[in-house]
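Engineer:
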Amino acid sequence: MTKGKLFSASKVHSQGIDNPAQDDLPTPPPVVTFPPSSTPPPSYSEAMGGGDDVVSSSEEFTMGCWDDKTVRRVFVRKVYLILMLQLLVTFSIVMVFTYCNTVQMFVKSSLAMYWSSYAVFLTTYLILCCCTTLRRKFPYNIILLILYTLALSYLAGVIASFYTTQSVVLCLGLTALVCFAVTLFCFQTKYDFTSCHGLLYSLLMVVFLTGLVACFTIPFGYLPWLQTIYGGLGALVFTLFLVFDTQLLLGNRRYSLSPEEHVFAALSLYLDIIYIFTFFLNIFGTRN
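In full-length UniProt numbering, the protein residues as written are 1 to 288.
1) Using the Cα positions of ARG253 and ASP245, report the straight-line distance between them to the nearest angstrom.
2) Would TYR230 and GLY211 qualify as a contact pair, given that the criterion is a beta-carbon distance under 8 Å?
3) Considering only their Cβ atoms, is the gap separating PHE241 from THR175 smaller than 8 Å?
4) Going by DSSP, what residue range makes up the alpha helix (DSSP H) through SER258?
5) So who's on the other strand from TYR154, going by DSSP bridges?
6) Would you mind reading off the limits of the alpha helix (DSSP H) that contains LYS69?
7) Pick out whichever of THR286, ALA265 and PHE284 has its Cα sitting closest to the Cα of GLN86.
8) Measure the CB-CB distance between SER167 and GLN104 and report whether it falls below 8 Å.
9) Quick one: complete alpha helix (DSSP H) runs, 4+ long, within the segment 152 to 211?
10) Is the beta carbon of TYR148 closer than 8 Å to that of TYR125?
11) Less than 8 Å separating the beta-carbons of THR90 and ALA181?
12) Distance check for VAL243 and ILE276, CA to CA, integer angstroms please.
13) Beta-carbon within less than 7 Å of TYR140's beta-carbon, same chain only, minus the 5 sequence neighbours each way: which residues are those?
14) For CYS287, which residues does DSSP report across the bridge?
15) Using only CA atoms, which one of PHE97, TYR99 and ASP272 lies nearest to VAL237?
16) Quick check on GLY285: buried or exposed, where buried means 16 or more other Cβ atoms within 10 Å of its Cβ?
17) In whole angstroms, what is the alpha-carbon distance linking PHE220 and SER109?
18) By the DSSP assignment, the alpha helix (DSSP H) with PRO224 in it spans what residues?
19) Going by C-alpha distance, which of LEU223, ILE146 and VAL71 is nearest LEU88?
20) As a quick exercise: from ASN282, THR189, GLN247 and LEU223, pick the residue whose alpha carbon is nearest that of LEU233.
21) Going by alpha carbons, who is nearest to LEU209 out of GLU260, GLN227 and HIS197?
This is the structure we're talking about:
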């Protein structure tokens, strides 16, 4: 199944983490996506009566099953339970990396572990996105999801270690408020964001190009205004992706996720939230 987010938006700083003595920050984990197609990915189902696509019984629940409010509630509850566990792990790691000076010095000087986490994150993300069988088969899906969560949590913790404790706490609070507001919005709004995937991928390309421009300015020094623009665009785009993924989860839209896709739904929401947090650090964070 392809849901995508273009390989993009590397966080731009003056240098990498291999020189911890300077005020330089590591690049955030890349966003992996595939180009949008004219037809919805296999995990999406056309909403009631609108489309001519035939959904395979092996891939999707029937429309009657998905319309069952009990099935939907169970699915949503399971996804949010997984998401809460993921965020709890990430919050714990970020706090340790932020408050413990010994850990900060270690992760800032350990370039190998940082790039190893990058590799684990990308590998598990691609496997979970592209391999439907593994994504739905227990216990392989849980093992891959645990590795994915630990890798991305480590990357978020390393990035947070380059900012002051007050900045990290502030950005965590802002991220929580955004997630709460987005969830309420998705429950109340009648506007269908699932049909706007083309626009979202276009905006993601804007973030990607802004990141490239910021990369080329590194030899000329740090430009705070460019970092603010880059962070603001990134936070906005991933907030929209959070709305998009939440509506896919809740259903009753043009496209919706199969109730079998609890692992994919959780990892998509989790990735959106982590990127919102890192972009908030880019905007509001004070370097440590």
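Where a beta carbon is used, it is the ideal one built from N, C-alpha and C, also for glycine.
Remember, it's a predicted structure, so these values are computed and weren't measured experimentally.
Structural biologist: Considering the structure as presented:
1) Whole-angstrom Cα-Cα distance: 11 Å.
2) Cβ atoms of TYR230 and GLY211: closer than 8 Å.
3) With contacts defined as CB atoms closer than 8 Å, THR175 and PHE241 fail to qualify as a contacting pair.
4) Neither: SER258 is in no alpha helix (DSSP H) and is coded neither H nor E.
5) DSSP links TYR154 through a beta bridge to no other residue.
6) For LYS69, the enclosing alpha helix (DSSP H) covers residues 69 to 99.
7) For GLN86, the closest C-alpha among the options THR286, ALA265 and PHE284 is that of ALA265.
8) GLN104 sits away from SER167, with the two beta carbons spaced by 8 Å or more.
9) Runs of alpha helix (DSSP H) with 4 or more residues, each lying fully within the segment 152 to 211, are found at 165 to 188, listed in chain order.
10) At the C-beta level, TYR125 and TYR148 come within 8 Å of one another.
11) Result no, Cβ atoms of THR90 and ALA181 do not sit closer than 8 Å.
12) Taking the straight line joining both Cα atoms gives about 12 Å.
13) So the qualifying residues of the chain are LEU134.
14) According to the sequence shown, residue 287 is Arg rather than Cys. Note: ARG287 sits in a beta bridge opposite TYR163.
15) Nearest neighbour of VAL237 by Cα position, chosen from PHE97, TYR99 and ASP272, turns out to be ASP272.
16) It is buried - the Cβ of GLY285 has at least 16 other Cβ atoms within 10 Å.
17) Using only the alpha carbons, I get a separation of about 25 Å.
18) In the DSSP assignment, PRO224 falls within the unbroken alpha helix (DSSP H) covering 224 to 250.
19) Ranked by how close their Cα comes to the Cα of LEU88, the residues LEU223, ILE146 and VAL71 have ILE146 in first place.
20) Relative to the Cα of LEU233, the nearest Cα in the group ASN282, THR189, GLN247 and LEU223 belongs to ASN282.
21) Of the residues GLU260, GLN227 and HIS197, the one whose Cα lies closest to the Cα of LEU209 is GLN227.
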